[in-house]
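Here you go:
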């Protein structure tokens, strides 16, 4: 199968995924308990007032009609209006996108070099003390709940030692202007993916160093450094690169938790708040953004994997 | 000796939180002590509504551990038959109908699914078990399907069929036994994954009442007093961290020991 044909096929499947996810999000949000109109009417709900609100928000229209209207809006990047503040959902997205994007992008940028470094260090000392320590740490920290790790780190570095600010309160969402605020959130976000990816790099590097072609290069008398980094490392990287995309799932989930712990006003905080207050349009909008991002990243990863190793990726 | 040390560390890390979680609730006195919030009296001080933190720690592990265990069992109970059915069906359509929706579920961040579903389904331990099962079973189904497909192609199975062995013996006894190791090798990942989801969801206030005696809820609710009375936050957080790290170390050790015995 050629790359363009595979891309077309994969793109079609991605589109179906996005559509299905959007539908599921709509259905789920429709099923949220508690009528938003009742919630809006206040402590002493007057039936007439509830009816008015319901009409104003279009909740009296049948669900399929609302769904089509919502889809039509999504296609134009019109996410609707918040039930409570009346602000367009797009504004919520624009506000929250900055801090969340800073966190996600910095994590991804740091993730690759750090995991390669850890993986290579462990592989070069295979079986040694350094390898055993690094491997134990990466095994132990795998799938550790971010909030628990974060709180322990905050208590230690933020409260006890006072080296770093314990939360992002007071930065107003402008994280880049306060780099010290970013340290703990990034450490927490990186902990999980680094563990899984550095282990892949380590395994790949050990395999590559023992492979025939590296043995051949060694016989040619090429320097050890060149062998390691120009000949062995590229071969070790292929599986790790694929895994990077697979960790977006964790990363997006982790961002929601990390924003909650460090009080960062990003998309994740917006989602948790909106779910708590039953602000349906905001929940729908944010959920769609999260889901579509995951689908897109996985699509890109599959295309990249196909480009690198067409045979193994051809099944998807 | 070194091997023992590794199991020892992991085992110890599991043992303390697990013992607290399972036995702890019996040692909580019936009479609730109430004092001022975030005071340093009692063993570990008081929490955000003035309850004794030590009593909360004793009572709060059971839900986390129980939900994680039940959800892992649930994921296998649903996922293994699902995957085997998809692999063994003669019709390609059945396979597609069973497996395609799972691709969809895997395409959405699991914490997002959890937050959305939990806000609909309401609160309760069983609801949380159900949702974590829902999020976790697609992976089990995929692994089971792959394992069953590999076994279905083996010459041994073909030979059994030619010898007219009964369907029960070929499909259930032989396939089941051969699949067991592949699927069990995945157990550690499933269990820590379930623990992760349960704890994170409870922390975000999803699926549990806001004043529940639950380690993750304690971490969330007592954060406001981190400067006044850190024990109320740090002790439950450290217990969750220890349990997670311990499970990882022990399962990794077990996996490696087994692959060394049977290469």
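Chains as they are written, first to last, in the working numbering: chain A, 1 to 316; chain B, 317 to 579.
Note that CB positions come from ideal geometry on N, CA and C, so glycine has one too.
Predicted, not measured: the structure shown is a model, and the values here were computed from it.
If contact is defined by three or more beta carbon pairs under 8 Å, each pair taking one atom from either stretch, is the stretch 424–433 of chain B in contact with the stretch 290–306 of chain A? yes
For residue 125/A, collect the residues of the same chain with a Cβ closer than 6 Å to its Cβ; drop the 5 residues on either side in sequence, then sort them by chain order. The residue given as residue 125/A occupies position 125 in the first chain. If we look at residue 125/A and ignore the five residues flanking it on each side, its Cβ neighbours are 131.
With 8 Å as the threshold, decide whether the Cβ of residue 67/A is near any Cβ in chain C. In the structure shown, chain C cannot be found, because the protein chains are A and B.
Counting only Cβ pairs nearer than 8 Å, list the residues of chain B close to residue 287/A. Taking the first chain and counting its residues from 1, the one referred to as residue 287/A is at position 287. Chain B residues near residue 287/A: 428, 432.
List, in order along the chain, the chain A residues whose C-beta lies closer than 8 Å to that of residue 550/B? Here residue 550/B refers to the residue found at position 234 when the second chain is read from its first residue. 151, 152, 155, listed in chain order.
Bounding residues of the alpha helix (DSSP H) (the contiguous stretch that carries residue 431/B): For the purposes of this step, residue 431/B is taken as residue 115 along the second chain, with counting starting at 1. Taken as a continuous stretch (DSSP letters only), the alpha helix (DSSP H) holding residue 431/B covers 426–437.
Would you be able to state if there are at least three C-beta pairs under 8 Å between the stretch 234–252 of chain A and the stretch 152–161 of chain A? no
Residue 527/B, DSSP secondary structure in three states: Residue 527/B sits at position 211 when you count from the first residue of the second chain. Coil at residue 527/B, not helix or strand.
How long is the line joining the alpha carbons of residue 369/B and residue 376/B, rounded to whole angstroms? Taking the second chain and counting its residues from 1, one reaches residue 369/B at position 53. Taking the second chain and counting its residues from 1, one reaches residue 376/B at position 60. Using only the alpha carbons, I get a separation of about 10 Å.
For residue 492/B, return the contacting residues in chain A, with the cut-off set at a CB-CB distance below 7 Å. Within the second chain, numbered from 1, the residue matching residue 492/B stands at position 176. Those do not exist, as residue 492/B stays about 26 Å from chain A at its closest Cβ, beyond 7 Å.
DSSP state of residue 368/B mapped onto helix, strand, coil: Here residue 368/B refers to the residue found at position 52 of the second chain. Residue 368/B: strand per DSSP, three-state reduction.
List, in chain order, every chain A residue whose beta-carbon is nearer than 9 Å to that of residue 441/B. Residue 441/B sits at position 125 when you count from the first residue of the second chain. Within chain A, no residue comes near residue 441/B; the closest Cβ sits about 18 Å away, beyond 9 Å.
For chain A, find out if any of its Cβ atoms is closer than 8 Å to the Cβ of residue 327/B; answer yes or no. Here the question's residue 327/B lines up with position 11 in the second chain. Cβ-Cβ to chain A under 8 Å: no for residue 327/B.
Assuming the contact rule is C-beta atoms closer than 8 Å, residue 232/A and residue 209/A should be a hit. Round their C-beta distance to whole Å, please. For the purposes of this step, residue 232/A is identified with residue 232 of the first chain, where counting begins at 1. For the purposes of this step, residue 209/A is identified with residue 209 of the first chain, where counting begins at 1. Right, the Cβ-Cβ distance comes to about 5 Å (below 8 Å), so this counts as a contact.
Which residues does DSSP list as the beta-bridge partners of residue 580/B? The structure shown does not extend to residue 580/B, since chain B spans only 317 to 579, so no value can be given for it.
Interface residues of chain A facing residue 343/B [CB-CB closer than 7 Å]: In the second chain, residue 343/B corresponds to position 27, counting from 1. Result: empty, since nearest Cβ-Cβ is about 23 Å, beyond 7 Å.
Based on the DSSP secondary-structure assignment, which residues constitute the bridge partners of residue 362/B? Taking the second chain and counting its residues from 1, the one referred to as residue 362/B is at position 46. Bridge partners of residue 362/B: 368/B.
Tell me, please, whether the CB atom of residue 269/A is closer than 8 Å to any CB atom in chain B? Within the first chain, numbered from 1, the residue matching residue 269/A stands at position 269. Against chain B, the CB of residue 269/A has no partner CB under 8 Å away; the residue lies outside that interface.
Nearest residue (CA-CA) to residue 406/B, options 378/B, 544/B, 522/B, 465/B: Walking along the second chain from the start, residue 406/B turns up at place 90. Ranking the options by Cα distance to residue 406/B, first place goes to 465/B.
How far does the alpha helix (DSSP H) with residue 65/A in it reach, from first residue to last? Stepping through the first chain from its first residue, residue 65/A is reached at position 65. Looking at the DSSP string, the run of the alpha helix (DSSP H) that includes residue 65/A is 63–75.
Through-space distance from residue 394/B to residue 223/A, alpha-carbon basis: Counting from one through the first chain, the residue named residue 223/A turns up at place 223. Counting from one through the second chain, the residue named residue 394/B turns up at place 78. One C-alpha to the other measures close to 54 Å.
Could you list which residues in chain B have their beta carbon closer than 7 Å to that of residue 249/A, in chain order? Counting from 1 along the first chain, the entry for residue 249/A is found at position 249. Ordered by position in chain B, the residues that pass the 7 Å Cβ test against residue 249/A are 425, 426.
Residue 578/B, buried or exposed, once every other Cβ within 10 Å from all chains shown has been counted against 16: For this step, residue 578/B is matched to residue 262 along the second chain. Per-residue confidence for residue 578/B stands at a pLDDT of 44, beneath the threshold of 50, marking its modelled position as unreliable; the derived number appears in the next sentence. Exposed.
Would you identify the three-state DSSP class for residue 344/B, choosing helix, strand or coil? As a first step, residue 344/B must be located in the second chain, where it is residue number 28. DSSP places residue 344/B in coil when its eight states are reduced to three.
Within chain A, the residues that residue 385/B reaches when beta carbons sit closer than 9 Å: Counting from one through the second chain, the residue named residue 385/B turns up at place 69. Around residue 385/B, no beta-carbon contact reaches into chain A at under 9 Å, the shortest distance being about 15 Å.
Apply the 10 Å Cβ neighbour rule to residue 133/A and answer buried if 16 or more other Cβ atoms are within range, or exposed otherwise. Translated into the one-based positions of the first chain, residue 133/A becomes position 133. Exposed, since its Cβ has fewer than 16 Cβ neighbours within 10 Å.
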